[in-house]
Amino acid sequence: RKEVEQDPGPFNVPEGATVAFNCTYSNSASQSFFWYRQDCRKEPKLLMSVYSSGNEDGRFTAQLNRASQYISLLIRDSKLSDSATYLCVVESGGSYIPTFGRGTSLIVHP
Amino acid sequence: DVKVTQSSRYLVKRTGEKVFLECVQDMDHENMFWYRQDPGLGLRLIYFSYDVKMKEKGDIPEGYSVSREKKERFSLILESASTNQTSMYLCASSTGRSSNQPQHFGDGTRLSIL
Chain A
1147 RKEVEQDPGP FNVPEGATVA FNCTYSNSAS QSFFWYRQDC RKEPKLLMSV
1197 YSSGNEDGRF TAQLNRASQY ISLLIRDSKL SDSATYLCVV ESGGSYIPTF
1247 GRGTSLIVHP
Chain B
-16 DVKVTQSSRY LVKRTGEKVF LECVQDMDHE NMFWYRQDPG LGLRLIYFSY
34 DVKMKEKGDI PEGYSVSREK KERFSLILES ASTNQTSMYL CASSTGRSSN
84 QPQHFGDGTR LSIL
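Laid out in structure tokens, this is it:
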């Protein structure tokens, strides 16, 4: 079983739609969680950290479910510019080495 | 803002050549990482370093070596380049040895081995 799993998609949604991605992780000792965004042929960029209490940044909401070992990313009112690959990143306590999921592709169309 | 700079955006080399990829960060980060990214395989960790002159193997170190003589610079070396090392190479850095510190990436180097 992969340590960090994501549905590769693509998720194809119209502008204005709400879309959600999940990411499951296998190591119950995982401590830190992040979502990154990667545009085509560019480097990954931090989108947001995921806190135990959940967090929101504008149209983006991230949540952590430790019992079921997954994190989620919700995007409201999708924009064309949200089209990208979203990478889930999990870091286990004590290792400081993050594990990346393979990413979920989002395509927002007019 | 953290700045991670990779020496080349695009590089073309020949089989058997020794190839150097350079990465510099300007935020005094302790941790530095080298990844390669290939379609369908995601990011794979080649080597990482927690401190000057310190290095640890990642998941796919074969065919690569690294050097960290100064805190701000982490070099990836392909000892004898092969065509299966054609890939996008990404350098990243992060601060300290505490958790919940995200990585910051350079722009990447697209390396082609002919």
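Chains as they are written, first to last, in my numbering: chain A, 1147 to 1256; chain B, -16 to 97.
Think of the CB as a built atom: it goes at the ideal place given N, C-alpha and C, for glycine as much as any other residue.
Everything numeric in this text was worked out from a predicted model, so none of it was measured.
- Phe16 (chain B) has its alpha-carbon roughly 29 Å from the corresponding atom of Ser1227 (chain A).
- Considering only B:Arg(-3), B:Asp34 and B:Leu94, the residue with the shortest C-alpha distance to Ser50 (chain B) is B:Asp34.
- A residue is called buried when at least 16 other Cβ atoms come within 10 angstroms of its Cβ; Thr1164 (chain A) does not meet this threshold and is exposed.
- Taking 9 Å as the cut-off, the Cβ atoms of Gln1209 (chain A) and Leu1193 (chain A) do not count as close.
- The C-beta distance from Thr1231 (chain A) to Phe1157 (chain A) rounds to 11 Å, too long to fall under 8 Å, and the pair is not in contact.
- Straight-line measurement puts the Cα of Asp(-16) (chain B) at about 23 Å from the Cα of Val1236 (chain A).
- Each of B:Ile29, B:Tyr(-7), B:Asn67 and B:Ser95 was checked against the Cα of Ala75 (chain B), and the nearest Cα belongs to B:Ile29.
- Nearest CB-CB separation between Tyr1242 (chain A) and chain B: below the 9 Å threshold.
- Under the criterion of beta carbons closer than 8 Å, Asn83 (chain B) and Ser1178 (chain A) qualify as touching, at roughly 4 Å.
- Contact annotation: Gln8 (chain B) and Glu55 (chain B) have beta-carbon atoms nearer than 9 Å.
- By the rule that beta-carbons nearer than 9 Å mark a contact, Val1236 (chain A) does not touch chain B.
- Rounded to whole angstroms, the separation of the alpha carbons of Asp21 (chain B) and Ile96 (chain B) is 14 Å.
- The C-beta separation of Leu24 (chain B) from Tyr18 (chain B) comes to about 11 Å, leaving the pair out of contact by the 8 Å criterion.
- At a Cβ-Cβ threshold of 9 Å, Phe31 (chain B) and Gly41 (chain B) count as neighbours.
- DSSP places Asp1228 (chain A) in the helix class (H, G or I) of the three-state scheme.
- Within the same chain, Cβ atoms closer than 7 Å to the Cβ of His12 (chain B) are found at Ser76, Ser77 and Thr78, the five residues on either side in sequence being excluded.
- The C-alpha of Lys(-14) (chain B) is placed about 30 Å away from the C-alpha of Ser63 (chain B).
- Against chain B, the CB of Lys1225 (chain A) has no partner CB under 9 Å away; the residue lies outside that interface.
- Partner residues in a beta bridge of Glu52 (chain B), as assigned by DSSP, do not exist.
- In the three-state scheme derived from DSSP, where H, G and I count as helix and E and B as strand, Asn67 (chain B) is classed as helix.
- Interface flag for Leu1219 (chain A) against chain B is unset, since no Cβ pair is found closer than 9 Å.
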